[in-house]
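Working notes, beginning with the structure itself.
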Amino acid sequence: MGDDVYLKLREFMNTLPVGYPSTPSGVEIRILKKLFSPEEAELTMQLKSEPEEVPAIAARLGMHEAELAEQLEKMAQKGLIFRVRKANKPLYQAIQFMVGVYEFQLKNLDKEFCQMFEEYLPHFGMSLMPVKTKQLRVVPVESAMKLTPMVETYNRVRELVEGQKIFSVAQCICRKEQEILGKRCDRPKETCLGFGDLAQFFIDNNLGRAIGKAEVLKILDLAEESGLVLSPSNSQELAAVCCCCPCCCPVLKYAKLMPRPADMVISYYQAKISPELCSSCGLCLERCQMAAIKKGEDSYRIVDGRCIGCGLCVSACPTEAISMMINLGMEPPPKDFLQDTLPRIKAERHAIQSKARTAVS
Numbered sequence: 081m082g083d084d085v086y087l088k089l090r091e092f093m094n095t096l097p098v099g100y101p102s103t104p105s106g107v108e109i110r111i112l113k114k115l116f117s118p119e120e121a122e123l124t125m126q127l128k129s130e131p132e133e134v135p136a137i138a139a140r141l142g143m144h145e146a147e148l149a150e151q152l153e154k155m156a157q158k159g160l161i162f163r164v165r166k167a168n169k170p171l172y173q174a175i176q177f178m179v180g181v182y183e184f185q186l187k188n189l190d191k192e193f194c195q196m197f198e199e200y201l202p203h204f205g206m207s208l209m210p211v212k213t214k215q216l217r218v219v220p221v222e223s224a225m226k227l228t229p230m231v232e233t234y235n236r237v238r239e240l241v242e243g244q245k246i247f248s249v250a251q252c253i254c255r256k257e258q259e260i261l262g263k264r265c266d267r268p269k270e271t272c273l274g275f276g277d278l279a280q281f282f283i284d285n286n287l288g289r290a291i292g293k294a295e296v297l298k299i300l301d302l303a304e305e306s307g308l309v310l311s312p313s314n315s316q317e318l319a320a321v322c323c324c325c326p327c328c329c330p331v332l333k334y335a336k337l338m339p340r341p342a343d344m345v346i347s348y349y350q351a352k353i354s355p356e357l358c359s360s361c362g363l364c365l366e367r368c369q370m371a372a373i374k375k376g377e378d379s380y381r382i383v384d385g386r387c388i389g390c391g392l393c394v395s396a397c398p399t400e401a402i403s404m405m406i407n408l409g410m411e412p413p414p415k416d417f418l419q420d421t422l423p424r425i426k427a428e429r430h431a432i433q434s435k436a437r438t439a440v441s
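Quick note, in our numbering, the sequence shown goes up one by one and the last residue is 441.
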């Protein structure tokens, strides 16, 4: 089949919600070759982007159910496709590269793959820059919201956790990848939280371990203690919560390099410092992950456009000079990550591409 099947697979994956853009170097093809056999590439392209039972897929493809079921499960175990379970039956679907196939390679990371991923990441990230809807958002840590009135449930991560039944925790793939590349981060590793179908996939694939609600809450406490930014799925129903650091997380790393990180992420809050209460101790400066705080003449101040609303500075302030202020005019996040957030991203991408094609013609 040669490279042809991988070129077709790239085109297929580019039709999925966040896309899979081509590059001048062809690194995206090298990534696919490392992950997929030609046969796996062919079968992936026959799957839909919503879950299907094996008999339906087999009938559509003209294949024997038993043989197909074995192939699909093997590919799901390799993290090449996604599996959900309904009434104890497995359903399979094609899944996007990130968040998706990349995160499912947690057990398979090696230096070659990490180097290729780092080469590809800027191209992938730039392709999503114009898209308004993001896959993740930032919510304030719990302690920062104690005195904040009328906080919507979707901005209280602990309340979101209360509504879930299946929980998993896994190593942070970003910190693992950076360590493989010789850039070890000293912050906690096992902090990547999954919920519902995503949690079940991680548990079934031995990518993470099943935990209870109490341990989820302890991990959220640990994240706050460790200065990690809470980045849940951009949805009202939790799919995942990443506990991120700007040295390893690609989103925060590149946002911090920008003049206005707040424009790069979705956040419903930003910090506000009351000058009359500020003692100029500088603890907030150490706590801030985005270089969003500067020393003024009489107090510290928030740099316009740099605060992403993580709330980590609030608990560090001994004089309670920092509070969280809501960003006005923002719409609630989509309800469900797989059913609403990703289709919205896909629609926005297609609208941008159509506009670009019209402009060229």
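Idealized CB from N, CA, C, for every residue including glycine.
Owing to the predicted nature of the structure, the values given are computational and were not obtained by experimental measurement.
So, V179 versus V98, is the Cβ gap smaller than 9 Å?
Position 99 of the sequence shown, counting from 1, holds the residue named residue 179. Position 18 of the sequence shown, counting from 1, holds the residue named residue 98. For V179 and V98, yes; Cβs fall inside 9 Å.
Measuring alpha carbon to alpha carbon, tell me which of L148, L171 and Y348 ends up nearest Q280.
Here the question's residue 280 lines up with position 200 in the sequence shown. Among L148, L171 and Y348, the Cα nearest to that of Q280 is on L171.
Would you check if the segment 152–166 and the segment 117–127 touch, i.e. whether three or more CB-CB distances between them fall below 8 Å?
yes
Grouping DSSP H, G and I as helix and E and B as strand, with all else coil, what is L273?
Along the sequence shown, one-based indexing puts residue 273 at 193. The answer is strand: DSSP assigns L273 an E or B state.
Rounded distance between the beta-carbons of P413 and R238, thought under 8 Å
Numbered from 1 along the sequence shown, position 158 holds the residue referred to as residue 238. Numbered from 1 along the sequence shown, position 333 holds the residue referred to as residue 413. 17 Å between Cβ atoms; not a contact.
Just how far apart, CA to CA, sit L308 and V331?
Here residue 308 refers to the residue found at position 228 when the sequence shown is read from its first residue. Here residue 331 refers to the residue found at position 251 when the sequence shown is read from its first residue. Approximately 13 Å between the Cα atoms of the pair.
Return helix, strand or coil for P330, following the three-state DSSP convention.
Mapped onto the sequence shown, residue 330 falls at position 250. Three-state DSSP puts P330 in a helix.
Beta strand (DSSP E) runs wholly inside the segment 147–181, at least 3 long, in chain order:
161–166 and 169–174
Taking buried to mean at least 16 other C-beta atoms within 10 Å of its own C-beta, is A146 buried or exposed?
Within the sequence shown, residue 146 is the residue found at index 66, counting from 1. By the neighbour-count rule (16 or more Cβ atoms within 10 Å), A146 is not buried but exposed.
Over what stretch of residues does the beta strand (DSSP E) that includes A351 continue unbroken?
The residue you call residue 351 lines up with position 271 of the sequence shown. A351 -> beta strand (DSSP E) spans Y349 to I353.
Separation of N286 from P131, as counted between CA atoms
Here residue 131 refers to the residue found at position 51 when the sequence shown is read from its first residue. Here residue 286 refers to the residue found at position 206 when the sequence shown is read from its first residue. Cα to Cα, the separation comes out at about 21 Å.
Could you check whether V249 and E222 sit closer than 9 Å to each other, using their CB atoms as the reference points?
The sequence position of residue 222 within the sequence shown is 142, counting from 1. The sequence position of residue 249 within the sequence shown is 169, counting from 1. Cβ atoms of E222 and V249: not closer than 9 Å.
Using only alpha-carbon positions, find the residue among M404, P101 and L418 that is nearest to M209.
For the purposes of this step, residue 209 is identified with residue 129 of the sequence shown, where counting begins at 1. Measuring from the Cα of M209, the nearest candidate turns out to be P101.
Who are the Cβ neighbours of T103 in its own chain at under 7 Å, not counting the five residues just before and after it?
Within the sequence shown, the letter at position 23 stands for residue 103. Same-chain partners within the cutoff: Y200 and H203.
Nearest residue (CA-CA) to G362, options M344, M410 and T399
In the sequence shown, the residue the question calls residue 362 occupies position 282. Of the listed residues, the one whose Cα sits closest to G362 is T399.
Rounded to a whole number of angstroms, what is the C-alpha to C-alpha distance between S359 and S379?
Residue 359 sits at position 279 when you count from the first residue of the sequence shown. Residue 379 sits at position 299 when you count from the first residue of the sequence shown. Their backbone Cα atoms lie some 7 Å apart in a straight line.
Given a cut-off of 9 Å on the beta-carbon distance, is the pair R90 and L112 in contact?
Numbered from its first residue, the sequence shown carries residue 90 at position 10. Numbered from its first residue, the sequence shown carries residue 112 at position 32. Yes, Cβ-Cβ distance for R90 and L112 is below 9 Å.
Would you call P229 buried or exposed, if buried means 16 or more other Cβ atoms sit within 10 Å of its Cβ?
Position 149 of the sequence shown, counting from 1, holds the residue named residue 229. The residue in question, P229, is exposed, as its Cβ has fewer than 16 Cβ neighbours within 10 Å.
How many whole angstroms separate the CB atoms of Q244 and F275, which I take to be in contact at a CB cut-off of 8 Å?
For this step, residue 244 is matched to residue 164 along the sequence shown. For this step, residue 275 is matched to residue 195 along the sequence shown. Rounded, the Cβ-Cβ distance is 5 Å, consistent with contact.
Give the straight-line distance between the Cα atoms of I137 and I402, rounded to the nearest whole angstrom.
Here residue 137 refers to the residue found at position 57 of the sequence shown. Here residue 402 refers to the residue found at position 322 of the sequence shown. Looking at the two C-alpha atoms, the distance is approximately 55 Å.
Start-to-end residues for the alpha helix (DSSP H) that takes in A294:
Your numbering for residue 294 matches position 214 in the sequence shown. Per DSSP, A294 belongs to the alpha helix (DSSP H) from K293 to E305.
In chain order, each alpha helix (DSSP H) run of at least 4 residues that lies wholly inside the segment 211–246
237–242
For the alpha helix (DSSP H) that contains I402, what are its first and last residues?
The count along the sequence shown starts at 1 and reaches residue 402 at position 322. That residue, I402, is in no alpha helix (DSSP H); its beta strand (DSSP E) goes I402 to I406.
So if DSSP puts I373 in a beta bridge, which residue, or which two residues, is it bridged to?
For the purposes of this step, residue 373 is identified with residue 293 of the sequence shown, where counting begins at 1. DSSP, once it has assigned bridges, lists I382 as partnering I373.
Using three-state DSSP, classify R289 as helix, strand or coil.
The sequence position of residue 289 within the sequence shown is 209, counting from 1. Three-state DSSP puts R289 in a strand.
Going by DSSP in three states, Q251 sits in which element: helix, strand or coil?
Walking along the sequence shown from the start, residue 251 turns up at place 171. Three-state result, Q251: strand.
With 16 other Cβ atoms within 10 Å as the buried cut-off, status of E304:
Numbered from 1 along the sequence shown, position 224 holds the residue referred to as residue 304. So E304 counts as buried.
Can you look up C322 in the DSSP assignment and give me helix, strand or coil?
Here residue 322 corresponds to residue number 242 of the sequence shown, with the count starting at 1. Reduced to three states, the DSSP call for C322 is strand.
Taking E257 as the reference, which of A139, R110, F184 and V134 has the closest Cα?
Your numbering for residue 257 matches position 177 in the sequence shown. Selected option, being the one with the closest Cα: F184.
Look up P312 in the DSSP assignment and give the residues it is bridged to.
Residue mapping note: residue 312 aligns to position 232 of the sequence shown, counting from 1. Note: P312 sits in a beta bridge opposite V321.
Taking the Cβ atom as the reference point for each residue, do P341 and C393 lie within a distance shorter than 9 Å?
As a first step, residue 341 is located in the sequence shown; it is residue number 261 there, counting from the start. As a first step, residue 393 is located in the sequence shown; it is residue number 313 there, counting from the start. In this structure, C393 does not lie closer than 9 Å to P341 by Cβ.
Alpha carbon to alpha carbon, how far is A139 from S311? Give it in angstroms, no decimals.
Within the sequence shown, numbered from 1, the residue matching residue 311 stands at position 231. Within the sequence shown, numbered from 1, the residue matching residue 139 stands at position 59. Between S311 and A139, the C-alpha separation is close to 40 Å.
Alpha carbon to alpha carbon, how far is Q251 from V231? Give it in angstroms, no decimals.
As a working mapping, residue 231 is identified with position 151 in the sequence shown. As a working mapping, residue 251 is identified with position 171 in the sequence shown. About 30 Å.
CB-CB under 6 Å to V383, same chain, minus the five flanking residues each way: which ones, in chain order?
For the purposes of this step, residue 383 is identified with residue 303 of the sequence shown, where counting begins at 1. Cβ neighbours of V383 beyond the five flanking positions: A372 and K374.
Name the DSSP bridge partner or partners of E69?
An answer regarding residue 69 cannot be provided, because it is not within the stretch 81 to 441 covered by the chain.
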